[in-house]
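According to our numbering, the residues represented by the sequence shown are 9 to 387, in order. Glycine included, C-beta positions come from ideal geometry on N, C-alpha and C. Note that the structure is predicted; figures quoted are calculated from it, not measured.
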Amino acid sequence: MQLKKLEFHKNENKNKIKRMNLKNKEKLEYVSIGALFKTVILLIAMLLSACVLYAQPVYRFTVKIGIDKETADSLGSYGEVSKRVVKMFQTINAAFNNEALGITGYYDFVPDMDSLYIYEGSSGVERKPHPHHDYLVIMDGFRNFPDEGHGGWFGSHHQTIGHDRGHVPGKISDPFDEQATDGIIHEFGHARGLIDLYAAAVDPSRNPINGMRFQPVTCIMNYPYGVRHWSKYAVNILNLTKDKIVNVDEVIANLLPQKINIVVKDWHDKSVSGADVRVYPVVWYSYSVGSEPVWTGKTSDDGIYTFPDIPFIRQRAYGFKYCNLLVEVAYGDRKSYGWMPLYLVQNAFFDGKESFELEIILKEGHTLFEDDLSVRVKK
Ligand SMILES: [Zn+2]
C-alpha cells in the first residue's frame, strides 16, 4: 500500500513534469507566434511610414469658375461648358504633374462644378473675393465691355485668373481651345509663385551697349504655347511654395545667395585684376538694356568684383527693380559681356550656395556673336 502510494506519487510527479513540459512548450509556441505577429506588425508599420515618407505629397487647390454669358451661350449647353471645364483642368493638372522634371508634389487643381456660375457684366467686376475657394477663374471669350480683354494673373488682389480671350472684335474666341489652355497653365504657374521669365528678354534693337539679344530659358513661364516644360528655376519655386497660397513678389524677394561675384579671367584661365566692370540694367518687361550702368567697379587682385549690395535693387513690386543685368568687363583693348538674369542667380540660392559667380573670359579682340557670351556660370 505504502509502495503503491509511493508509486502513485512517483507517477503523479512524472505526470506533473510531463504537464509542465507540455505547458512550457505551449508557452514557447505561444511566444514564438506572438513574436512573429509583432514582427509582422512592425514590418507593416515600417512599410506604412516609408510610404508616408516617400509618397508624393498632394497639393490640392479648389477653383471657383465664372463664365461670361455670351461665351457660355456659344458653347450651346451647360453640359458642354462643364465638359470643357473638366477637360481643361485635366490638361492643367497633367502639365503640373511632371515628376521627371523634379516636381515633388502631386498637383490637383479642382474645379468646383457646383459653384460654376454665368455672369453678364464686365469680367473686371467679377474679380472679387472668393473666401470658399483657393482660386477664382473668370473666363471670357467675348469683349462686350471696353475694359475687357486684359487677362492674366491678378494675384495681388484676389488670387484670380482673368482668362480673357476676347481679342477679336465682335467674335467669340474659345477660352477652352489649345492655345487658351496653354495660356491658363502659365497663369496657374503665377498662382504657384512663378514669375514671367520672358520679362527678362532683350530685343537686340533695344540694346545700346552691345546689340545682343537675350532669350530666357525654355519654360512655360517664358513661352507657354505648345510647351510643356518647366525650367529648373520654375521647379525650384514650385517645390518651395508647395501647397501654400502665395504672392509672387513676396516669394522671389528673398531668394538670393549671400554674395554675388563677377569673376574675370583671361584666355589662359588666369585671373584678371584691375578689369573695369560695368553693369547695365534690364527693367521687367522693357526688353531693353539701360544706357547707363547701375554698378561700376574694378576686379580685385584675384580677379573678382563683388557687388556691394543686391545688384537687382529691391523694390516692392516684383521684389526687385531689375530682372536681368548685362555685365561688361574691359581690360586694355579687350572687352567681354555676360548676362545675369535674376533666375540664374536665384538658382544658386536653391543649390545651397553662399555665392553666385558669373565667370567672364576676356578674349583677344572681341568679336561677339549671339551664342558667344564668353561666360561660364560656376557649377
Ligand atoms: Zn505671365
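Point to revise | Residues sharing a beta bridge with P119, DSSP | key: The residue you call residue 119 lines up with position 111 of the sequence shown. Answer is V71, bridged to P119.
**Study point:** Any non-hydrogen atom of ligand 1 within 6 Å of D317 CB
**Key:** By one-based count along the sequence shown, residue 317 stands at place 309. Incorrect: D317 has no Cβ contact closer than 6 Å to ligand 1.
Review point. With 16 other CB atoms within 10 Å as the buried threshold, where does T189 fall?
Key: Residue numbering aside, residue 189 sits at position 181 when the sequence shown is read from its first letter. Burial call: buried.
Point to revise | Proximity to Y345 [Cα-Cα], best of L370, I321, G360, F328 | key: Within the sequence shown, numbered from 1, the residue matching residue 345 stands at position 337. Y345 has its Cα closest to that of L370, out of L370, I321, G360, F328.
Review point. What residues sit near ligand 1, counting only those whose C-beta is closer than 7 Å to one of its heavy atoms, in chain order?
Key: G160, W161, H194, E195, H198, D204, M229
Practice item. Rounded to whole angstroms, what's the CA-CA distance from N355 to Y125? Just pull it up for me. Key: Counting from one through the sequence shown, the residue named residue 355 turns up at place 347. Counting from one through the sequence shown, the residue named residue 125 turns up at place 117. Whole-angstrom Cα-Cα distance: 41 Å.
Practice item. Can you have a look at N244 and say buried or exposed, based on whether 16 or more other CB atoms are within 10 angstroms of its CB? Key: Working through the sequence shown from its first residue, we reach residue 244 at position 236. Buried: at least 16 other Cβ atoms inside 10 Å.
Check your understanding: In angstroms, rounded to a whole number, what distance separates the CA positions of D81 and I146?
Key -> Residue 81 sits at position 73 when you count from the first residue of the sequence shown. Residue 146 sits at position 138 when you count from the first residue of the sequence shown. In a straight line, the C-alpha of D81 is about 15 Å away from that of I146.
Exercise for review: Can you tell me the Cβ-Cβ gap for P183 and T79, rounded? I've got them flagged as a contact below 8 Å.
Suggested key: Counted from its first residue, the sequence shown places residue 183 at position 175. Counted from its first residue, the sequence shown places residue 79 at position 71. Their Cβ separation, rounded to whole angstroms, is 6 Å, which keeps P183 and T79 in contact under 8 Å.
Point to revise | Start and end residues, alpha helix (DSSP H) containing K240 | key: Reading the sequence shown from its first residue, position 232 is the one you call residue 240. 240-249 is the extent of the alpha helix (DSSP H) around K240.
Review point. Shortest alpha-carbon distance to T401 belongs to which of V66, P119, Y143, D148?
Key: Because residue 401 is not part of the residues shown, which for the chain are 9 to 387, the question remains open.
Exercise for review: Tell me whether A261 sits in a helix, a strand or coil according to DSSP, three-state version.
Suggested key: If you number the sequence shown from 1, residue 261 lands on position 253. Coil.
Point to revise | For A338: DSSP bridge partner residues | key: The sequence position of residue 338 within the sequence shown is 330, counting from 1. D284, K343.
Practice item. Tell me, please, which residues DSSP counts as bridged to I2. Key: Given a span of 9 to 387 for the chain in the structure shown, any question on residue 2 remains unanswerable.
Check your understanding: Near R236, which residues of its chain fall below 8 Å by C-beta distance, leaving aside the five closest residues on each side in sequence?
Key -> Residue mapping note: residue 236 aligns to position 228 of the sequence shown, counting from 1. Taken in chain order, the residues that qualify are A103, N106, I228.
Review point. Residues bridged to F328 by DSSP?
Key: For the purposes of this step, residue 328 is identified with residue 320 of the sequence shown, where counting begins at 1. Within the DSSP bridge table, the entry for F328 names R322 as partners.
Exercise for review: On the DSSP bridge assignment, give the partners of G305 in chain order.
Suggested key: Within the sequence shown, the letter at position 297 stands for residue 305. According to DSSP, G305 bridges with V285.
Exercise for review: Look up D81 in the DSSP assignment and say whether it is helix, strand or coil.
Suggested key: As a first step, residue 81 must be located in the sequence shown, where it is residue number 73. The answer is helix: DSSP assigns D81 an H, G or I state.
Check your understanding: How big is the Cα-Cα spacing for N269 and D142?
Key -> On the sequence shown, residue 269 is found 261 positions in, with the first residue counted as 1. On the sequence shown, residue 142 is found 134 positions in, with the first residue counted as 1. Going from the Cα of N269 to the Cα of D142 covers about 40 Å.
Review point. By a C-beta neighbour count over all protein chains shown, 10 Å radius and 16 as the cutoff for buried, is N262 buried or exposed?
Key: Indexing the sequence shown from 1 puts residue 262 at position 254. It is exposed - the Cβ of N262 has fewer than 16 other Cβ atoms within 10 Å.
Practice item. Counting only the same chain and skipping the five closest in sequence on each side, list residues whose C-beta sits under 7 Å from that of L109. Key: The sequence position of residue 109 within the sequence shown is 101, counting from 1. For L109, the CB contacts under 7 Å within the same chain, skipping 5 residues up- and downstream, are W238, V243 in chain order.
Review point. How is the alpha helix (DSSP H) around Y86 delimited, first residue to last?
Key: Along the sequence shown, one-based indexing puts residue 86 at 78. Segment 86-104, the alpha helix (DSSP H) holding Y86.
Check your understanding: Does the beta-carbon distance from S85 to M121 come in below 7 Å?
Key -> Counting from one through the sequence shown, the residue named residue 85 turns up at place 77. Counting from one through the sequence shown, the residue named residue 121 turns up at place 113. No, these two residues do not count as a Cβ contact at 7 Å.
**Study point:** Three-way DSSP call (helix, strand, coil) for L205 in this model
**Key:** In the sequence shown, the residue the question calls residue 205 occupies position 197. Three-state result, L205: helix.
Check your understanding: Would DSSP call L114 helix, strand or coil?
Key -> Working through the sequence shown from its first residue, we reach residue 114 at position 106. Reading off the sequence, residue 114 comes out as Tyr, not Leu. Here Y114 sits in strand by DSSP.
Review point. Per DSSP, I369 is paired with what?
Key: Here residue 369 refers to the residue found at position 361 when the sequence shown is read from its first residue. By DSSP's assignment, I369 forms a beta bridge with K273.
Check your understanding: Tell me which same chain residues have a C-beta within less than 6 Å of the C-beta of H158, skipping the five on either side of it?
Key -> Here residue 158 is taken as the residue at index 150 of the sequence shown, counted from 1. If we look at H158 and ignore the five residues flanking it on each side, it has no Cβ neighbours.
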